[in-house]
Every structure is written in structure tokens, then in C-alpha cells.
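Peer 1: In full-length UniProt numbering, the protein residues as written are 1 to 254.
Glycine residues also receive a C-beta, built at the ideal position from the N, C-alpha and C atoms.
(1) Taking 8 Å as the threshold (C-beta atoms), are residue 44 and residue 93 in contact?
(2) What does residue 147 pair with, by DSSP beta-bridge criteria?
(3) Can we say the segment 114-126 touches the segment 147-157, given the rule of at least three CB pairs closer than 8 Å?
(4) Take every Cβ of the segment 158-177, pair it with every Cβ of the segment 213-224, and state whether three or more of those distances are shorter than 8 Å.
(5) Tell me the DSSP bridge mates of residue 54?
(6) Which same chain residues, not among the five before or five after residue 140, have their C-beta less than 6 Å away from its C-beta?
(7) So residue 169 is in the beta strand (DSSP E); what residue range does that whole segment cover?
(8) Roughly how many angstroms lie between the CA atoms of residue 194 and residue 200, to the nearest whole one?
(9) For the beta strand (DSSP E) containing residue 174, name the first residue and the last one.
(10) Bridge partners for residue 72 per DSSP, in chain order?
(11) With distances taken Cα to Cα, identify the nearest neighbour of residue 10 among 132, 23 and 32.
(12) Going by beta carbon distance, what residues of the same chain come within less than 8 Å of residue 97, once the five residues before and after it are set aside?
(13) Taking only three categories from DSSP, how would you classify residue 12?
(14) Out of 105, 91 and 156, which one is the CA nearest neighbour of residue 67?
(15) In terms of residues, what are the limits of the beta strand (DSSP E) holding residue 182?
(16) With a Cβ-Cβ cutoff of 8 Å, do residue 29 and residue 111 count as a contact?
(17) Buried or exposed: where does residue 31 fall if 16 or more other Cβ atoms within 10 Å of its Cβ makes it buried?
(18) What's the call for residue 34, buried or exposed, on a 16-neighbour Cβ count within 10 Å?
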């Protein structure tokens with residue numbers, strides 16, 4: 001589970017422990033169950049039976065409440081436990097394909113009933129949910145972040161604007177423009193907008209979607225926290241900056 005923004009270290013420890021417990025709880029249960037690839041999900045439980053919960057094999061699923069993203073399920077998480085109960089539940093969606101294993105809730109309940117760590121999982125999960133949902137009241141003033149979708153021709157970043165967010169291109173392609181001249185490209189899984197955010201300077205270029213793009217936007221003051229707990233993001237940022245430097249060198253020597 002991924003909770004964006006600044007939060008105590010124990011939240012990350014809880015998320016890691018929940019993932020460990022999820023793997024333990026489904027062991028021996030999902031071995032013979034076929035994985036399913038779900039394309040862009042508007043609302044998972046509009047299309048799926050509420051008697052089903054899911055083990056997320058790949059991808060991310062965002063949890064929404066009152067049109068705000070509360071947190072994200074990641075690979076290795078159990079998804080939809082709250083939705084299988086007859087209680088108010090969040091909307092679960094994803095702009096990109098995910099791979100899941102569907103588990104009948106009755107079979108799951110029988111499987112975990114004698115597992116010694118089931119009670120621990122529920123206790124940690126309820127604590128995580130309490131912290132995540134309590135944060136909703138604190139983030140209404142934050143610019144729109146989370147998963148964003150842009151059509152071909154849409155402006156993702158405008159040259160000269162203040163730098164409020166750092167972006168990750170989840171899928172798609174965009175052009176980097178300076179004074180209406182193309183100077184570079186943004187490819188899938190590339191991080192962009194970080195330089196202006198780190199230097200507190202205006203955007204040095206515009207970024208325009210050349211095809212449909214799915215983008216993750218993170219407020220710049222939360223991006224350092226994301227790097228701290230998700231080192232793969234840091235590696236991606238370094239690779240992205242290396243590509244930009246290489247591209248600039250090629251332009252200079254051309």
C-alpha cells in the first residue's frame with residue numbers, strides 16, 4: 001500500500017507488514033487460481049461480484065473517497081476486503097491494466113479462520129485505514145494529484161508556470177517544447193518536472209501529450225518522501241535525468 005505525502009515512519013512499516021501478511025494469508029490458496037488481466041478500471045466493484053476479493057499481482061489500484069485518492073494498492077496487496085462487506089466502501093479504479101487473482105470471500109474466510117496472523121492483519125489494516133482516511137480532511141487545499149489522463153494535444157506542463165508537482169509518465173508519450181520548438185520527448189515510466197520543483201524555479205519548458213497519456217502527479221513537497229520509501233522511484237529519476245543530459249549533449253554537438 002502506498003500513502004502519498006508526509007506521514008510517520010510507522011505507516012510505511014505497517015504497509016510493508018500488511019504486504020507480508022497478505023502473502024502469508026493467501027499461501028496455499030491461490031496456487032491453482034488463474035490470474036486475470038483487467039484493463040482500465042473505472043470502478044472495480046461495478047463490474048465484479050462483491051463476493052470476490054483480489055490478490056494484486058501487478059500494477060496499482062487507487063482507492064478513492066469523495067473524489068479524492070486516499071491511497072494506492074500495490075503489487076502483493078489484498079484488495080477489496082472492505083468492499084466485500086455490507087458497509088460503505090471506497091471506489092477502486094486504475095487507468096492502466098492490472099493483473100489480479102480473484103478469490104471467493106467465503107473460501108478465503110474458511111482458509112484464514114485458523115491462521116494465527118489473521119487477527120494481526122485486521123488490526124494493522126484498520127489502523128492503516130484510520131490514518132489514511134483521517135488525512136482526507138488535511139488535503140483539500142492540495143492541487144489535484146494522483147492519476148491524471150491527458151488526450152493528444154493536451155498541455156501537461158506549461159512553460160513559465162510555477163512548479164507545484166512532479167510527474168511520472170505511466171503510459172503514453174509527450175513532446176517537450178521550448179518556445180513552440182520541440183526539444184525532447186517524455187516516454188513511458190519517465191519522471192519529469194522534477195528539476196523545476198527541486199530548484200523552486202518556473203517551468204523551463206512545456207510538455208504536450210502526443211497521444212493519450214496516463215500520468216501520476218505528486219506534490220513536490222511530498223516527492224522527497226516518495227523517493228525515501230520507494231527507491232525504485234529514485235532510480236527512475238536518475239535514469240530520466242541522464243537521458244536529458246545525453247539528449248542536450250547531442251543537441252550541442254550536432
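Peer 2: The answer reads as follows:
(1) The Cβ atoms of residue 93 and residue 44 sit closer than 8 Å to each other.
(2) The partner list for residue 147 (beta bridge, DSSP) reads 216.
(3) Fewer than three beta-carbon pairs drawn from the segment 114-126 and the segment 147-157 are found closer than 8 Å, and the two stretches are therefore not classed as touching.
(4) Two segments are said to touch when three or more pairs of C-beta atoms, one from each, lie closer than 8 Å; by this definition the segment 158-177 touches the segment 213-224.
(5) Residue 54 pairs with 79 and 102.
(6) Any reading at residue 140 must be qualified, since the residue scores a pLDDT of 46, below 50, and its modelled position is unreliable; the value itself is stated next. Sequence-distant partners of residue 140 (beyond 5 residues in either direction) whose C-beta falls short of 6 Å from its own C-beta are missing from its chain.
(7) Per DSSP, the continuous beta strand (DSSP E) segment holding residue 169 begins and ends at 165-171.
(8) For residue 194 and residue 200, the distance between alpha carbons rounds to 10 Å.
(9) Element bounds for residue 174: 174-178.
(10) Beta-bridge pairing links residue 72 to 2 and 62.
(11) Closest by C-alpha distance to residue 10, out of 132, 23 and 32, is 132.
(12) The beta carbon of residue 97 sits closer than 8 Å to the beta carbons of 37, 38, 39, 40 and 59 from its chain, once the five residues preceding and following it are set aside; these are given in chain order.
(13) The answer is helix: DSSP assigns residue 12 an H, G or I state.
(14) For residue 67, the nearest C-alpha among the options comes from 91.
(15) In the DSSP annotation of this structure, the continuous segment of the beta strand (DSSP E) that includes residue 182 starts and ends at 181-186.
(16) Against a cut-off of 8 Å, the Cβ pair of residue 111 and residue 29 comes out as a contact.
(17) Burial call: exposed.
(18) Under this definition residue 34 is an exposed residue.
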